[in-house]
Each structure stands twice: as structure tokens, then as C-alpha cells.
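Below is one structure, written out as C-alpha cells; the observations come after it.
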Amino acid sequence: LADWFPQDNNNFRGDYGPTTSDIRHMVSGTAVYELPFGHGKQFGANWNRLIDEGVGGWKLSANIRLYSGTPLSINSGSGCNNNCAGAFDNIEHANQYAPMKIVGRGTNAEGVFKWFGTDASAQPCTIAGTSPTDNPSCAYGMSSADFGNAHIGTERGPGFRNIDLSLFKGFRTVGSQSIKARIDAFNAFNIASYGNPNTSIGSNNDNFGAITGTQSAPRQLQISAIYEF
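Okay, here's the thing in C-alpha cells:
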């Protein structure tokens with residue numbers, strides 16, 4: 002949730018759940034590979050100095066980050082009437098009736114990517130109350146009072162994938178001086194990692210579970226040179 006305060010000061014356990022930065026699975030690593038071209042290498046051992054200087058001696062590095070999604074909390078918007086903390090509290094928990102079943106996750110007929118899928122349990126109840134009267138299969142519904150019974154972090158958002166590549170080499174100039182040339186490709190394969198979905202239950206439930214953005218930047222290229230002396 003977006004609050005910095007508990008939903009109910011008399012029930013801290015109602016806000017028990019994983020932190021928003023909880024990542025269950027993560028893979029991160031860096032590798033550097035010296036390309037086999039140039040003098041003393043597998044290919045180009047007999048190249049003249051000009052060709053060797055331009056083509057030989059390059060190194061390729063890769064930085065990989067893969068991790069699973071962070072917790073999501075389902076809320077029913079700002080409907081507090083009595084026990085709210087003024088301007089510091091504008092979100093209340095939804096009611097949870099059953100676990101949500103994820104089926105058919107993807108883009109629907111309207112062209113909207115629905116993270117929670119198409120199962121009936123992913124369509125929240127819009128009538129506030131203590132039971133899902135308008136959709137017997139719904140997993141979440143709007144609370145009928147100031148406090149909903151859903152805990153925080155009951156669902157999970159999309160994961161993140163990113164691979165950066167770099168190609169670099171040092172060119173000798175005078176004595177011990179050199180120029181280091183480098184080409185960087187950030188998000189080299191232009192992987193689109195989805196942003197978090199809409200988790201607010203309201204009058205327009207067509208937006209519930211919809212993803213409209215990404216958490217990854219598009220591919221970016223950078224060329225740089227450093228003179229060392």
C-alpha cells in the first residue's frame with residue numbers, strides 16, 4: 002500500500018505481510034570475455050600491426066540481472082469515514098474472500114494487459130459488504146467499513162530482466178599512455194519488463210490488474226573514450 006501508517010492503529014496485525022522490497026528470487030552476475038582475435042590469440046596471430054591495433058585485443062563484458070516480482074497489496078481506494086489518519090491515510094485494505102486464481106494472464110480483447118488474468122476470482126466485487134454478493138467467485142471486494150481484512154503483499158507483481166553489454170579495448174599511444182575506447186549497450190536486447198498492475202478496486206474494475214507501463218528503460222547505446230597518461 003502507499004500508506005506510511007497502519008490501516009487500524011488498534012490492529013497492527015492487520016498490516017502484517019512482506020515488505021514491498023521483498024524479492025524471493027534473484028540472479029545477478031558479471032562476466033568478461035577476451036575475444037580470440039589479434040596477436041597471440043587463436044585468430045589473427047599473423048595480422049600486421051595496423052589491423053591488430055584496430056581489431057585485436059577487444060574484450061566483451063555482460064552484466065545480468067534477473068529477479069522475481071515484489072509484493073502487491075489490494076486496496077479499495079480512499080473510502081475512510083471515521084478512523085483515518087487525516088491526510089496521511091488515503092488507502093484502505095480490500096476485503097479478501099478467497100485466494101486469487103491466475104488463469105489466462107496476458108492481453109485481452111481490448112488490448113489491455115491483465116496481470117491477474119481472466120478467471121472469475123480476478124474480477125473483484127464492486128458492492129461493498131461482508132460477502133461477495135455480485136460475484137460469488139471473486140477473491141477480493143470493497144470493504145464495507147473503514148477497514149478491510151486483506152493483508153498487505155498478498156499478490157506478486159511482474160519480475161525484472163536486464164542484460165547490459167560492453168565492448169572495450171585499450172590503444173597504446175606514447176610510452177605508457179593509452180586511449181581506452183568503450184561501447185556500452187544498456188538493456189542490450191531491449192527486454193520490456195512490465196510495471197506493476199493497478200491494484201485498486203473501485204467503480205471501474207476494467208482497470209483492476211491492468212499494466213500500462215514498464216519498469217525497464219529502452220535500449221540505450223553509449224560510446225566513450227578515456228585518455229590515460
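First residue of the sequence shown? That's 2 in my numbering, and the numbers climb one at a time after it. Using N, Cα and C, we set each Cβ at its ideal position, and we do this for glycine too.
Backbone secondary structure at residue i - three-state DSSP
i, result
"residue 173", "strand"
"residue 220", "coil"
"residue 30", "strand"
"residue 89", "Here the model assigns residue 89 a pLDDT of 48, short of 50, so the residue's position is not dependable and the matter cannot be decided."
"residue 121", "helix"
"residue 41", "coil"
"residue 165", "strand"
"residue 105", "coil"
"residue 230", "coil"
"residue 64", "strand"
"residue 208", "helix"
Where the alpha helix (DSSP H) through residue i begins and ends
i, result
"residue 54", "50-56"
Residue(s) in a DSSP beta bridge with residue i
i, result
"residue 126", "142"
"residue 195", "215"
"residue 225", "183"
"residue 201", "76"
Run of the beta strand (DSSP E) containing residue i, from where it starts to where it stops
i, result
"residue 9", "Run containing residue 9: none; DSSP gives neither H nor E here."
"residue 1", "The structure shown does not extend to residue 1, since the chain is modelled only from 2 to 230, so the question has no answer here."
Selected residue, minimal CA-CA separation from residue i, among the options
i, options, result
"residue 108", "208, 40, 162", "208"
"residue 123", "183, 220, 41, 199", "199"
"residue 59", "216, 45, 17, 219", "45"
"residue 186", "222, 157, 156, 215", "222"
"residue 37", "53, 23, 103", "53"
"residue 42", "29, 31, 33, 56", "56"
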